[in-house]
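In my numbering, the protein residues as written are 2 to 143.
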(Lines of atoms letter the chains of each structure in order from A; the text may use other names.)
(Lines give C-alpha, C1' and ligand atoms only; values in the text may rest on other atoms or scores of the structure.)
Protein backbone atom coordinates (compact mmCIF):
# COMPACT_ATOMS: atom_id res chain seq x y z
CA UNK A 2 0.00 0.00 0.00
CA UNK A 3 2.80 2.47 0.89
CA UNK A 4 4.37 1.99 -2.55
CA UNK A 5 1.03 2.72 -4.26
CA UNK A 6 0.56 5.90 -2.23
CA UNK A 7 4.10 7.08 -2.98
CA UNK A 8 3.59 6.34 -6.68
CA UNK A 9 0.28 8.26 -6.64
CA UNK A 10 1.96 11.33 -5.12
CA UNK A 11 4.82 11.21 -7.63
CA UNK A 12 2.26 12.72 -10.02
CA UNK A 13 2.38 16.01 -8.07
CA UNK A 14 4.07 18.13 -10.70
CA UNK A 15 4.90 21.10 -8.49
CA UNK A 16 6.53 19.00 -5.76
CA UNK A 17 8.53 17.23 -8.49
CA UNK A 18 9.56 20.59 -10.00
CA UNK A 19 10.81 21.85 -6.61
CA UNK A 20 12.65 18.55 -5.98
CA UNK A 21 10.58 17.19 -3.08
CA UNK A 22 10.49 13.45 -2.41
CA UNK A 23 7.86 11.57 -0.40
CA UNK A 24 10.01 9.17 1.61
CA UNK A 25 7.51 7.59 4.05
CA UNK A 26 3.76 7.38 4.32
CA UNK A 27 1.37 5.55 6.62
CA UNK A 28 -2.12 6.09 7.98
CA UNK A 29 -2.22 9.78 8.94
CA UNK A 30 1.56 10.10 8.68
CA UNK A 31 4.06 11.21 6.03
CA UNK A 32 7.66 12.31 5.62
CA UNK A 33 8.99 14.40 2.76
CA UNK A 34 12.54 15.51 2.02
CA UNK A 35 14.23 18.15 -0.09
CA UNK A 36 17.89 18.24 -1.09
CA UNK A 37 18.76 21.93 -1.07
CA UNK A 38 20.56 23.66 -3.91
CA UNK A 39 21.16 27.23 -5.09
CA UNK A 40 17.72 27.29 -6.74
CA UNK A 41 16.12 27.11 -3.27
CA UNK A 42 17.93 30.22 -1.95
CA UNK A 43 16.53 33.74 -1.74
CA UNK A 44 18.39 37.03 -2.25
CA UNK A 45 19.93 36.76 1.23
CA UNK A 46 21.40 33.34 0.34
CA UNK A 47 19.18 31.47 2.80
CA UNK A 48 16.53 28.89 1.96
CA UNK A 49 13.44 30.64 0.60
CA UNK A 50 10.47 30.33 2.96
CA UNK A 51 8.26 29.18 0.09
CA UNK A 52 10.46 26.11 -0.44
CA UNK A 53 10.09 25.17 3.23
CA UNK A 54 6.33 25.81 3.10
CA UNK A 55 5.96 23.67 -0.03
CA UNK A 56 7.86 20.80 1.62
CA UNK A 57 5.56 20.97 4.68
CA UNK A 58 2.42 21.34 2.55
CA UNK A 59 3.30 18.25 0.51
CA UNK A 60 3.81 16.22 3.71
CA UNK A 61 0.42 17.53 4.93
CA UNK A 62 -1.20 16.41 1.66
CA UNK A 63 0.27 12.91 1.82
CA UNK A 64 -0.64 12.42 5.50
CA UNK A 65 -4.23 13.66 5.17
CA UNK A 66 -4.91 11.72 1.95
CA UNK A 67 -3.22 8.52 3.17
CA UNK A 68 -6.52 6.97 4.29
CA UNK A 69 -7.79 7.15 0.71
CA UNK A 70 -10.22 10.02 1.26
CA UNK A 71 -9.42 12.85 -1.19
CA UNK A 72 -8.53 15.85 0.96
CA UNK A 73 -7.60 19.42 0.03
CA UNK A 74 -6.12 22.10 2.26
CA UNK A 75 -8.46 24.88 3.38
CA UNK A 76 -6.21 26.64 5.88
CA UNK A 77 -2.56 26.55 6.82
CA UNK A 78 -0.08 28.40 8.96
CA UNK A 79 3.69 28.17 9.25
CA UNK A 80 6.14 29.58 11.75
CA UNK A 81 9.81 29.76 10.81
CA UNK A 82 12.31 29.43 13.67
CA UNK A 83 15.73 29.40 12.03
CA UNK A 84 17.60 28.83 8.79
CA UNK A 85 18.46 25.18 8.16
CA UNK A 86 21.97 23.83 8.48
CA UNK A 87 23.17 21.26 5.96
CA UNK A 88 21.92 20.32 2.52
CA UNK A 89 18.71 18.39 3.28
CA UNK A 90 15.50 19.29 5.07
CA UNK A 91 12.73 16.90 6.10
CA UNK A 92 9.07 17.44 6.97
CA UNK A 93 7.29 15.03 9.33
CA UNK A 94 3.47 15.24 9.19
CA UNK A 95 1.06 13.74 11.71
CA UNK A 96 -2.70 13.96 11.37
CA UNK A 97 -4.09 15.27 14.67
CA UNK A 98 -7.80 15.14 13.89
CA UNK A 99 -9.60 12.97 11.34
CA UNK A 100 -13.28 13.83 11.04
CA UNK A 101 -15.64 12.83 8.24
CA UNK A 102 -15.32 16.21 6.49
CA UNK A 103 -12.57 18.14 8.32
CA UNK A 104 -9.11 17.05 9.44
CA UNK A 105 -6.11 18.64 11.10
CA UNK A 106 -2.41 17.99 10.70
CA UNK A 107 0.81 19.25 12.30
CA UNK A 108 4.11 19.20 10.44
CA UNK A 109 7.60 19.64 11.89
CA UNK A 110 10.31 20.72 9.45
CA UNK A 111 13.81 19.63 10.47
CA UNK A 112 17.27 20.31 9.11
CA UNK A 113 20.00 17.74 8.56
CA UNK A 114 20.94 17.84 12.26
CA UNK A 115 17.34 17.18 13.35
CA UNK A 116 16.87 20.76 14.54
CA UNK A 117 13.33 22.13 14.26
CA UNK A 118 13.42 24.97 11.72
CA UNK A 119 9.67 25.46 11.11
CA UNK A 120 6.27 24.27 12.31
CA UNK A 121 3.26 24.02 9.97
CA UNK A 122 -0.35 23.48 10.93
CA UNK A 123 -3.01 22.68 8.35
CA UNK A 124 -6.72 22.03 8.09
CA UNK A 125 -8.08 19.81 5.34
CA UNK A 126 -11.50 19.31 3.77
CA UNK A 127 -12.52 15.78 2.76
CA UNK A 128 -14.15 16.01 -0.67
CA UNK A 129 -16.27 12.86 -0.44
CA UNK A 130 -14.12 11.05 -3.00
CA UNK A 131 -12.22 7.79 -2.50
CA UNK A 132 -8.72 7.51 -3.99
CA UNK A 133 -7.66 4.21 -5.52
CA UNK A 134 -3.91 4.68 -5.13
CA UNK A 135 -3.07 1.79 -7.48
CA UNK A 136 -5.00 3.28 -10.41
CA UNK A 137 -5.28 6.96 -9.45
CA UNK A 138 -9.04 6.80 -10.01
CA UNK A 139 -11.34 8.86 -7.77
CA UNK A 140 -14.85 7.59 -7.00
CA UNK A 141 -17.69 9.15 -5.02
CA UNK A 142 -18.02 7.86 -1.45
CA UNK A 143 -21.53 6.59 -0.84
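Don't be surprised by glycine CBs; every beta carbon is placed ideally from N, CA and C.
Bear in mind that the values here come from a model prediction, so they are computed numbers and not experimental data.
By a beta-carbon distance limit of 8 Å, residue 55 contacts residue 21. Their separation comes to about 7 Å. Cα atoms of residue 39 and residue 141: separation of roughly 43 Å, rounded to the nearest angstrom. DSSP places residue 109 in the strand class (E or B) of the three-state scheme. By the criterion of a C-beta distance shorter than 8 Å, residue 32 is surrounded in its chain by 23, 24, 25, 26, 60, 91, 92, 93 and 94, once the five residues flanking it on both sides are discounted.
According to DSSP, residue 125 shares a beta bridge with 74 and 104. In this chain, the alpha helix (DSSP H) harbouring residue 7 covers 3 to 10. Contact between the stretch 76 to 90 and the stretch 6 to 16 is absent: fewer than three C-beta pairs spanning the two stretches fall below 8 Å. The Cβ-Cβ distance between residue 130 and residue 117 does not fall below 8 Å. When rounded, the separation of the alpha-carbon atoms in residue 112 and residue 105 is 24 Å. Rounded to the nearest whole angstrom, the CA to CA distance from residue 107 to residue 132 is 22 Å.
With fewer than 16 neighbouring CB atoms inside 10 Å of its own CB, residue 98 falls in the exposed class. In the structure shown, the three-state DSSP call for residue 56 is helix.
In terms of Cβ geometry, residue 74 and residue 115 do not form a close pair [threshold 8 Å].
For residue 19, the enclosing alpha helix (DSSP H) starts and ends at 14 to 19.
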